[in-house]
Amino acid sequence: MIQLSVRFGSKFSFYFFLAFQIFLGGQETLKAESNATSSLSLQGLSSFALIVVSSNRAILEALHGLESARHQTGKKESGFRPIVRVAQQISKTTNRNYNVLTGIDQDYSTRGRGTGISIGQKTFLGNASLDLEKSKTDYAVGGSSYFESSYLSLLTGILRRDSAVNSIERKISFGNYRAEQARVDSIILDTLFESLKVLFDRLITEQTSLFKERNLEFYQKMLEEATVKLENGLGSELDLKQAKVKLSLAETDLKESRLSLCEVDRQLGLILGDPVWNKAIASMSPSDIVNLVPDVFDFAFLASQSLFMRPDIKLIMSELDVQRQESLLAKEQNRPNVQLKTRWGRQGRATDPELAHEKRDKSWDVTVSWETTFGHRPEGFERRTQLERLKALEIRREQAFQKAKKEISERIDRIKFYKHSLFTSRESLKLSAEILEGQRMNFSLGKTSLLDLLRYQSDYETSRLSVIRAEAVLGLSWLQLLYELGELPSFLGIRPRKGV
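The numbering of the sequence shown is our numbering, which starts it at 951 and goes up by one.
As structure tokens, then:
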């Protein structure tokens, strides 16, 4: 172990000690710089994304909406769903007429009660139903009559086909669910990218705060030097005042930087749904993301890939499919409402319940009905409305394709520019480090002043901060390219969600 003892009574010993401390601080800075690039792994970024997806309120709200859409689809999916109707009837009629045979008024009042059961089910042929009825009628003059019937009927559209309408409605229901899935994927994608933007903002803000802390230390040392020079008769009051002003400005900048860091932390807390979130998950560096950026991009392949992966395009395609089905449904419902009803059954009426139960009377009937209006037919307006909406969505789809290609092209150009900018910043950092080392040697030999040394040290820190910002911008641009391609969730290991 080496012990260093210096008497502060001499001017040279003070400068030597101060230079030695700055040199040690510079070595620690270089070590911190070498370790900063390995502090972030893709697994850490994926962990952050997983927390966002599992706790963000906007995503949870969208997942509940998706679950609601899934249950809504189940209403159309269940094909076998017979409807049972039960009716109970009680009746009474009062009727008194003059009887020519007896010469007096006769009471012909009746009392009746009965039960009816109907079972209906939609089929590919139309609406089928089975109707059962049983009743008893009591007469005031004496005696009773019994009635039983069972009829099987089928109601179907001749021109407006019920089977086609049911099939189209099911397709619309499934299409709406797929559109809701694409909408949820879009919300997850947007929320992930916005959270990553805030995360990278926090990274830059945190590094800026550390940079300003070091600046504050520089100006504190500058103030100490100005004070020592003034006490030894080598400085002036003006130098001391300038040092105090710079120190005051550095303190203000540091407070503002810390305030900005608190604001970013609160914004991340809002995204994560936890105001007291663990700050350790944001202790990251974009260096690992920068290393994943490829050197060459195939624009044609990426543009074609985005047409299948972007949630907004998936949403438009799903809405377009639904709109096509809506147009077909409007076309089907615009047909004339001509219905065919067939009925076959048996019935029996007798004074004996056993004879009525035999239902000896058999019958069948066929009815063709046509329904129209003398005014405007709303079905015609509905069909034209759906066709115009279809044309509007087709134009919107083409616009979305062009926008996707534009965004991808611009992002690729930006990545190329930011890679060159990062290379320039790293070269500037190397030069700043070499200049700083040379000035440290000059200061130890008394060839430069402490003010100049601190300025070179500040230039080095500024270059270092520029590299961090350039890495953050390049890493964020790479993530934004994945965002534009719709590949960001899969890149971060987020699996598709189908509901809560």
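We treat Cβ as the ideally placed atom computed from N, Cα and C, and that holds for glycine.
ask   = Going by beta carbon distance, what residues of the same chain come within less than 6 Å of S1099, once the five residues before and after it are set aside?
value = E1083 and Q1297
key: Under the three-state DSSP convention, the category D1262 falls into   = helix
query = In its own chain, which residues sit with a C-beta less than 7 Å from the C-beta of R1445, not counting the 5 before and 5 after it?
reply = none
task = Give me the Cβ distance between D1055 and N1045, rounded to the nearest whole Å; I'm assuming they're in contact under 8 Å.
result = Contact doesn't hold; Cβ gap of about 11 Å is too wide.
query = Distance, Cα to Cα, L1242 vs S1427?
reply = 12 Å
ask   = Going straight from the alpha carbon of T1398 to that of E1387, what length do you get?
value = 13 Å
ask   = Would the beta-carbon of L1372 fall within 8 Å of that of E1411?
value = no
query = Exposed or buried, which one is A1230 when buried takes at least 16 other CB atoms within 10 Å?
reply = exposed
ask   = Looking at C-alpha atoms only, which residue of P1328, I1418 and Q1283 is the closest neighbour of K1369?
value = I1418
task = From the DSSP output, in three-state form, read off I1444 for me.
result = coil
request  = Specify whether the region 1099-1113 and the region 1271-1279 touch according to this definition: at least 3 beta carbon pairs, one from each stretch, less than 8 Å apart.
outcome  = no
request  = Can you tell me the Cβ-Cβ gap for V1288 and L1109, rounded? I've got them flagged as a contact below 8 Å.
outcome  = 5 Å
query = How long is the line joining the alpha carbons of S1123 and I1266, rounded to whole angstroms?
reply = 16 Å
ask   = In the DSSP assignment, what are the bridge partners of V1288?
value = W1320
Contacting residues, own chain, Cβ-Cβ under 7 Å from W1227 (five flanking each side not counted) = L1218 and G1219
Buried or exposed (CB count within 10 angstroms, at least 16 for buried), F1324 = exposed
inquiry  = On the DSSP bridge list, what partners appear for S1099?
reply    = E1083 and Q1297
ask   = Does DSSP classify I1108 as helix, strand or coil?
value = coil
ask   = Roughly how many whole angstroms lie between the Cα atoms of T1177 and L1190?
value = 6 Å
query = Are the beta-carbon atoms belonging to L1442 and A999 less than 8 Å from one another?
reply = yes
key: Buried/exposed call for N1182, threshold 16 Cβ in 10 Å   = exposed
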